[in-house]
Amino acid sequence: MIDGIRKIVGIIIYIIGGLYVFISEVILLGNLWGTLGVVLGVVFFPILLIAMPFYALFAFGNWILLVISIITPLLSGLIMGKD
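This is the structure:
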């Protein structure tokens with residue numbers, strides 16, 4: 070019973086973190102390139118998932134996007150544990 074709850078909580082954390090990173094990247098690209106940036110952000114999401122947090126860090130000094138994109142999978146993996 071506890072293992073099932075831990076998996077659900079881990080998945081929820083992963084989904085919330087992923088949605089936050091996705092929305093932040095699309096907003097950032099929308100501010101940079103307008104509508105074309107939003108379309109590219111949705112189409113090339115897997116590539117931008119790695120590149121955009123570093124761009125936000127170097128261009129704007131914003132650590133939040135990078136920290137969330139690194140911490141979210143680690144935290145959900147720790148909570149879910151081994152199978």
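The sequence shown begins at 70 in the numbering used here and counts up by one. From the three backbone atoms N, C-alpha and C, an ideal C-beta is built for every residue, glycine too.
Of all C-beta pairs linking the stretch 99 to 107 to the stretch 140 to 152, fewer than three are shorter than 8 Å, placing the two stretches out of contact. For the options L126, F127 and E94, the alpha carbon positioned closest to that of V112 is the one of E94.
Given a length threshold of 4 residues, each whole run of the alpha helix (DSSP H) inside the stretch 82 to 134 is given here in chain order: 104 to 112 and 114 to 129. For the options G146, V108 and Y89, the alpha carbon positioned closest to that of P122 is the one of Y89. Distance from L118 to S138 at the Cβ level is roughly 7 Å; contact confirmed, criterion being Cβ atoms closer than 8 Å.
With 16 or more other Cβ atoms inside 10 Å of its own Cβ, I82 counts as buried. Rounded to whole angstroms, L135 and I96 show a C-alpha spacing of 15 Å. Here G79 is not near T141, since their CB atoms are 7 Å or more apart.
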